[in-house]
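Working notes, structure below.
Residue numbers (full-length UniProt numbering): 1 to 155.
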């Protein structure tokens with residue numbers, strides 16, 4: 001086994017071959033979908049109404065991803081002190097980043113959470129809802145929750 005000191009991804013290797021005039025048609029990069037594609041964000045915000053809570057088994061829908069999306073990561077914020085609730089981000093009904101990945105919400109939190117490889121490598125085959133399923137404790141009235149789901153899509 002060789003210990004590599006440098007290595008190149010597939011598209012970087014193809015581009016280097018084209019730049020060196022040693023490449024062929026098979027080295028052309030899918031420029032629209034793999035090289036320079038746009039990072040998109042599905043953003044949603046929810047304020048728990050006064051006098052209400054989100055139950056400890058509650059589900060909050062935070063938008064719908066288009067068919068073809070490859071989800072890379074999530075940015076979650078919660079603005080206020082509340083209960084020790086935890087949350088699981090799901091795409092359709094599948095855990096997208098691990099069970100209870102959104103941790104203790106006893107104070108304001110900001111969390112950057114990578115998506116599971118399943119969602120980053122394989123594009124979605126249908127439109128899919130993004131949800132947060134809560135556990136452990138209720139989420140208090142007045143709490144503002146935001147979720148930014150960052151994804152790539154083939155144009």
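The C-beta atom is built at its ideal place from N, Cα and C for all residues, glycine as well.
- Item | residue 38, DSSP secondary structure in three states | Three-state DSSP puts residue 38 in coil, outside helix and strand.
- Query: Hey, residue 89 and residue 72: beta-carbon distance below 8 Å or not?
  - Reply: no
- Residue environment, residue 38, which counts as buried when at least 16 other CB atoms sit within 10 Å: exposed
- Query: For residue 143, is the classification buried or exposed, using 16 other Cβ atoms within 10 angstroms of its Cβ as the cut-off for buried?
  - Reply: buried
- Query: Start and end of the beta strand (DSSP E) containing residue 53?
  - Reply: Taken as a continuous stretch (DSSP letters only), residue 53 belongs to no beta strand (DSSP E), as it is neither H nor E.
- How about the region 103 to 117 and the region 39 to 49: do they share at least three Cβ pairs that are nearer than 8 Å? no
- Item | Cβ neighbour criterion (16 or more within 10 Å) applied to residue 147 | buried
- Task: Report buried or exposed for residue 62, applying the criterion of at least 16 other Cβ atoms within 10 angstroms of its Cβ.
- Result: buried
- Query: Name the DSSP bridge partner or partners of residue 114?
  - Reply: 73
- Close Cβ partners of residue 66 (< 8 Å) along its chain, the five nearest in sequence each way excluded: 124, 127, 153
- Message: Going by the DSSP bridge assignment, what does residue 94 pair with across the sheet?
- Response: 91
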